[in-house]
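**Student:** Sequences listed follow chains A and B, in order. Count along the first sequence from 1, add 3, and you get the number used in the working numbering. Count along the second sequence from 1, add 3, and you get the number used in the working numbering.
Protein chains: 2
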Amino acid sequence: MPRPLILVSNDDGITAPGIAHLVRVVSDLGAEVVVVAPDSPQSGMGHAITIGQPMRLTENRVFGPDIEAYQCSGTPADCVKIAKHHVLKDRTPDLVVSGINHGSNASVNVLYSGTMSAAIEAAIEGLPAVGFSLGDYGHDADFSHVGPWVRQVCELALGQGVPVGTALNVNIPKNTGQPLAGLRLCRQAHAKWNEEFDTRLDPYKRPYHWLVGTFVNLDAGTDTDEWALAHGYVSVVPCQFDLTAYRGLEMLSQTWQLPLPETQVAAVPPQPLASEDYGPANP
Amino acid sequence: MPRPLILVSNDDGITAPGIAHLVRVVSDLGAEVVVVAPDSPQSGMGHAITIGQPMRLTENRVFGPDIEAYQCSGTPADCVKIAKHHVLKDRTPDLVVSGINHGSNASVNVLYSGTMSAAIEAAIEGLPAVGFSLGDYGHDADFSHVGPWVRQVCELALGQGVPVGTALNVNIPKNTGQPLAGLRLCRQAHAKWNEEFDTRLDPYKRPYHWLVGTFVNLDAGTDTDEWALAHGYVSVVPCQFDLTAYRGLEMLSQTWQLPLPETQVAAVPPQPLASEDYGPANP
Numbered sequence: 004m005p006r007p008l009i010l011v012s013n014d015d016g017i018t019a020p021g022i023a024h025l026v027r028v029v030s031d032l033g034a035e036v037v038v039v040a041p042d043s044p045q046s047g048m049g050h051a052i053t054i055g056q057p058m059r060l061t062e063n064r065v066f067g068p069d070i071e072a073y074q075c076s077g078t079p080a081d082c083v084k085i086a087k088h089h090v091l092k093d094r095t096p097d098l099v100v101s102g103i104n105h106g107s108n109a110s111v112n113v114l115y116s117g118t119m120s121a122a123i124e125a126a127i128e129g130l131p132a133v134g135f136s137l138g139d140y141g142h143d144a145d146f147s148h149v150g151p152w153v154r155q156v157c158e159l160a161l162g163q164g165v166p167v168g169t170a171l172n173v174n175i176p177k178n179t180g181q182p183l184a185g186l187r188l189c190r191q192a193h194a195k196w197n198e199e200f201d202t203r204l205d206p207y208k209r210p211y212h213w214l215v216g217t218f219v220n221l222d223a224g225t226d227t228d229e230w231a232l233a234h235g236y237v238s239v240v241p242c243q244f245d246l247t248a249y250r251g252l253e254m255l256s257q258t259w260q261l262p263l264p265e266t267q268v269a270a271v272p273p274q275p276l277a278s279e280d281y282g283p284a285n286p
Numbered sequence: 004m005p006r007p008l009i010l011v012s013n014d015d016g017i018t019a020p021g022i023a024h025l026v027r028v029v030s031d032l033g034a035e036v037v038v039v040a041p042d043s044p045q046s047g048m049g050h051a052i053t054i055g056q057p058m059r060l061t062e063n064r065v066f067g068p069d070i071e072a073y074q075c076s077g078t079p080a081d082c083v084k085i086a087k088h089h090v091l092k093d094r095t096p097d098l099v100v101s102g103i104n105h106g107s108n109a110s111v112n113v114l115y116s117g118t119m120s121a122a123i124e125a126a127i128e129g130l131p132a133v134g135f136s137l138g139d140y141g142h143d144a145d146f147s148h149v150g151p152w153v154r155q156v157c158e159l160a161l162g163q164g165v166p167v168g169t170a171l172n173v174n175i176p177k178n179t180g181q182p183l184a185g186l187r188l189c190r191q192a193h194a195k196w197n198e199e200f201d202t203r204l205d206p207y208k209r210p211y212h213w214l215v216g217t218f219v220n221l222d223a224g225t226d227t228d229e230w231a232l233a234h235g236y237v238s239v240v241p242c243q244f245d246l247t248a249y250r251g252l253e254m255l256s257q258t259w260q261l262p263l264p265e266t267q268v269a270a271v272p273p274q275p276l277a278s279e280d281y282g283p284a285n286p
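#1: Kindly indicate the opening and closing residues of the beta strand (DSSP E) around Y216(B).
#2: Is the separation between the beta-carbon of A192(B) and that of A109(B) shorter than 8 Å?
#3: If we define contact as Cβ-Cβ less than 8 Å, is S12(A) a contact residue for chain B?
#4: Along the region 151 to 180 of chain A, what residues have a CB closer than 7 Å to any CB found in chain B?
#5: Under three-state DSSP, which class holds W259(A)?
#6: Using 8 Å as the cut-off, can you tell me whether the region 120 to 138 of chain B makes contact with the region 253 to 260 of chain B, which would need three or more C-beta pairs spanning the two stretches below that distance?
#7: With DSSP as the reference, label R203(A) as helix, strand or coil.
#8: When burial is assigned at 16 or more other CB atoms within 10 Å of the CB, is P241(B) buried or exposed?
#9: Identify each residue in the region 242 to 262 of chain A for which the Cβ-Cβ distance to at least one residue of chain B is less than 8 Å, and report them in chain order.
#10: For the region 203 to 237 of chain B, enumerate the residues whose C-beta is nearer than 7 Å to any C-beta of chain A, in chain order.
#11: Leaving aside the five residues before and after G185(A) along the sequence, list all residues of the same chain whose C-beta is less than 8 Å from its C-beta, in chain order.
#12: Nearest chain D C-beta to R59(A) closer than 8 Å, yes or no?
#13: Taking Cβ positions only, does C189(A) come closer than 8 Å to chain B?
#14: Less than 8 Å between the beta carbons of V219(A) and C157(A), yes or no?
#15: Does DSSP put S43(B) in a helix, in a strand, or in coil?
#16: Per DSSP, what kind of secondary structure is P241(B) in: helix, strand or coil?
#17: Find the nearest neighbour of L60(B) within the set N104(A), Q56(A), F200(A), V111(A), judged by alpha-carbon distance.
#18: Whose CA, out of A34(A), S76(A), E71(A), lies closest to the CA of Q45(A)?
#19: Do you know offhand how far G102(B)'s Cα is from A122(A)'s?
#20: Would a check of beta-carbon distances place P41(B) closer than 8 Å to chain A?
#21: Take C189(A) and list the residues in its own chain whose beta-carbon comes closer than 7 Å to its own, dropping the five residues that flank it on each side.
#22: May I ask you to report which of helix, strand or coil DSSP gives M119(B)?
#23: Can you list the alpha helix (DSSP H) stretches of 4 or more residues lying completely in the region 4 to 66 of chain A, in chain order?
#24: Can you tell me where the beta strand (DSSP E) holding I175(A) begins and where it ends?
#25: Rounded to whole angstroms, how far is the Cβ of Y211(B) from the Cβ of M58(A), which I believe are closer than 8 Å?
#26: Indicate whether P20(B) and A144(B) have their beta-carbon atoms separated by less than 8 Å.
#27: Could you give the distance in angstroms between the alpha-carbon of I70(B) and the alpha-carbon of Q260(A)?
#28: Out of N104(B), A23(B), I127(B), R250(B), which one is the CA nearest neighbour of V36(B)?
#29: Please name the residue, chosen from Q56(A), P41(A), L171(A), G106(A), that lies closest to Q243(A) on a Cα-to-Cα basis.
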């Protein structure tokens with residue numbers, strides 16, 4: 004069996020400790036590894052892409068002479084695009100992995116996450132993809148416990164596959180010294196950030212504003228990623244990129260008195276998803 | 004009845020013609036209008052937020068003395084956050100509108116769209132929200148036909164509401180001189196960009212790369228936004244921010260032999276959504 008080809012990216016940049024850990028794990032699997040990662044930190048970039056200006060791409064074997072590695076001036080999503088269509092061209096990766104992010108990307112953070120945008124971009128390209136994140140925001144985060152879990156997920160993804168059109172959002176709890184409870188399949192928790200702005204004056208007496216959020220989990224479910232992480236599990240959420248709210252379509256059809264196109268009616272399930280239990284339309 | 008309060012943002016920046024059209028329509032509705040928009044173009048910013056550096060916010064009544072307007076150095080999602088938590092504080096908008104984007108945000112473009120990230124950020128905040136986009140990328144795009152459609156959608160959103168937890172992705176075809184066919188509820192088409200990179204040499208002989216994509220609609224459905232736009236309709240797709248692939252969870256449970264937490268099983272519908280018709284897991 005030929006060696007699997009694994010593409011690695013991240014959002015903390017090619018020099019972050021997290022990507023070095025990820026490269027080590029996938030190299031130990033015996034895979035051929037190609038890295039295309041941002042040349043500077045890109046946290047919170049969401050699914051941004053570079054439009055209207057060009058990108059730089061420079062080969063830089065920071066992980067040693069045997070690992071083909073490039074730094075790119077673009078976003079995480081750009082890195083996956085340029086990796087697939089320019090660097091790899093006719094070589095198709097068997098797996099795309101992103102991370103390991105310094106900080107949680109569970110629940111609603113998946114939307115803001117550059118780590119997951121790289122993985123979701125790979126899913127759009129039809130490639131099996133996993134984003135890894137550690138619940139520790141420090142540049143000096145403790146990655147000593149993550150290796151076996153990342154390895155297990157990569158082996159399962161290579162061996163059993165990832166559902167086509169999804170990217171797995173894998174979050175690993177911060178190291179507490181206690182052993183972790185295992186992998187747990189989850190749905191994305193319904194949560195949000197309550198934002199505050201810390202307004203200060205610069206040396207020229209002009210105001211500037213720091214975003215300072217408090218994370219609030221609004222979801223009492225025991226089947227969520229937030230519950231899993233709080234209980235010592237590694238959470239695994241398959242994420243798709245069809246944002247359509249199918250139950251919302253039905254509600255709009257009734258309240259706005261617009262027809263639902265025919266094939267849609269057949270496609271909508273008879274019961275709403277838990278995630279689409281919206282309650283009545285506002286106001 | 005008090006005047007409704009409408010918050011307006013966009014991603015092309017506060018000086019773009021598209022937002023001026025949107026402000027005019029919602030002002031004509033008799034609403035109290037507050038604008039918080041980026042101080043420079045932010046196309047393709049996806050759901051990026053500003054972490055690790057502060058933001059500037061400057062009042063600038065570019066739409067006339069009666070319209071409270073601010074320019075912000077952040078992303079579209081930042082604009083909605085700072086509008087809700089700093090500018091408006093105790094004033095709750097009855098509707099958040101974003102756009103009118105110069106260019107389509109139908110199908111997979113919703114993921115890359117700053118316009119829709121502003122609307123989705125509002126949905127996360129529990130506010131009814133609509134993103135408007137015109138299928139014309141030019142700075143000098145022809146907006147002459149859009150007014151009545153934007154007005155109709157805003158009136159429906161204010162009067163009948165938007166399903167809680169969703170933001171509507173409304174796309175309007177480019178002006179062809181023909182009357183439009185009406186509003187049409189749709190799902191997000193399954194489509195992607197086939198990317199190419201146009202590599203050039205700078206004056207110092209170093210390469211740089213332009214992203215040049217070709218849009219490919221992979222979806223034969225007649226219930227999609229792409230179908231609607233190609234047939235002269237204004238497409239309306241309710242978008243949610245729970246990315247969980249519920250059908251994917253079931254597949255992973257079988258192939259990876261991991262248990263599905265109990266409440267999940269009850270929540271998963273007996274039939275897959277059309278959008279989750281993944282086919283077999285790869286490889």
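The C-beta atom is built at its ideal place from N, Cα and C for all residues, glycine as well. Quantities reported herein were computed from a predicted structural model and do not represent experimental measurements.
**Tutor:** A quick look at the data gives this:
#1: As a position in the second sequence, residue 216(B) is number 213, starting the count at 1. One point to set straight first is that residue 216(B) is Gly, not Tyr, in the sequence displayed. Taken as a continuous stretch (DSSP letters only), the beta strand (DSSP E) holding G216(B) covers 210 to 220.
#2: Here residue 192(B) refers to the residue found at position 189 when the second sequence is read from its first residue. Here residue 109(B) refers to the residue found at position 106 when the second sequence is read from its first residue. A contact, by the Cβ cut-off of 8 Å.
#3: As a first step, residue 12(A) must be located in the first sequence, where it is residue number 9. Taking Cβ atoms only, chain B never reaches closer than 8 Å to S12(A), which makes this a no.
#4: L159, Q163, G164, V165, P166, V167, G168, T169
#5: One-based indexing of the first sequence puts residue 259(A) at position 256. Coil.
#6: no
#7: In the first sequence, the residue the question calls residue 203(A) occupies position 200. The answer is strand: DSSP assigns R203(A) an E or B state.
#8: Translated into the one-based positions of the second sequence, residue 241(B) becomes position 238. P241(B) should be labelled buried.
#9: C242, Q243, F244, D245, L246, T247, A248, Y249, R250, G251, L252, M254, L255, S256, T258, W259, L261, P262
#10: Y211, H212, W213, L214, G224, T225, D226
#11: Taking the first residue of the first sequence as 1, we reach residue 185(A) at position 182. Closer than 8 Å at Cβ, skipping near neighbours: Y236, V237.
#12: Checking the listed chains, one finds no chain D in this structure; the protein chains it contains are A and B.
#13: Indexing the first sequence from 1 puts residue 189(A) at position 186. Taking Cβ atoms only, chain B reaches closer than 8 Å to C189(A), which makes this a yes.
#14: As a working note, residue 219(A) is residue 216 in the first sequence. As a working note, residue 157(A) is residue 154 in the first sequence. No, the Cβ-Cβ distance between V219(A) and C157(A) is not below 8 Å.
#15: The sequence position of residue 43(B) within the second sequence is 40, counting from 1. The answer is coil: DSSP assigns S43(B) none of H, G, I, E or B.
#16: Position 238 of the second sequence holds residue 241(B). In the structure shown, P241(B) sits in a strand (DSSP, three-state: E or B).
#17: Taking the second sequence and counting its residues from 1, the one referred to as residue 60(B) is at position 57. Checked all of N104(A), Q56(A), F200(A), V111(A); the closest Cα to L60(B) is F200(A).
#18: Along the first sequence, read from residue 1 onward, the residue named residue 45(A) stands at position 42. The candidate whose alpha carbon is nearest that of Q45(A) is S76(A).
#19: Locating residue 102(B) in the second sequence gives position 99, where the first residue counts as 1. Locating residue 122(A) in the first sequence gives position 119, where the first residue counts as 1. Roughly 28 Å separates the two Cα atoms.
#20: Stepping through the second sequence from its first residue, residue 41(B) is reached at position 38. Not an interface residue.
#21: In the first sequence, counting from the first residue as 1, residue 189(A) sits at position 186. Hits under 7 Å: D226, T227, D228, A231, S238, V239, V240.
#22: Taking the first residue of the second sequence as 1, we reach residue 119(B) at position 116. Helix at M119(B).
#23: 20 to 31
#24: Working through the first sequence from its first residue, we reach residue 175(A) at position 172. From DSSP, the beta strand (DSSP E) with I175(A) extends over 170 to 175.
#25: Looking up residue 211(B) in the second sequence gives position 208. Looking up residue 58(A) in the first sequence gives position 55. That belief holds up - the Cβ atoms of Y211(B) and M58(A) are roughly 7 Å apart, short of 8 Å.
#26: As a first step, residue 20(B) is located in the second sequence; it is residue number 17 there, counting from the start. As a first step, residue 144(B) is located in the second sequence; it is residue number 141 there, counting from the start. Contact: yes.
#27: Numbered from its first residue, the second sequence carries residue 70(B) at position 67. Numbered from its first residue, the first sequence carries residue 260(A) at position 257. Computed Cα separation, rounded: 33 Å.
#28: On the second sequence, position 33 is the one that residue 36(B) refers to. Of the candidates N104(B), A23(B), I127(B), R250(B), the one whose C-alpha sits nearest the C-alpha of V36(B) is A23(B).
#29: The sequence position of residue 243(A) within the first sequence is 240, counting from 1. Nearest C-alpha to Q243(A): L171(A).
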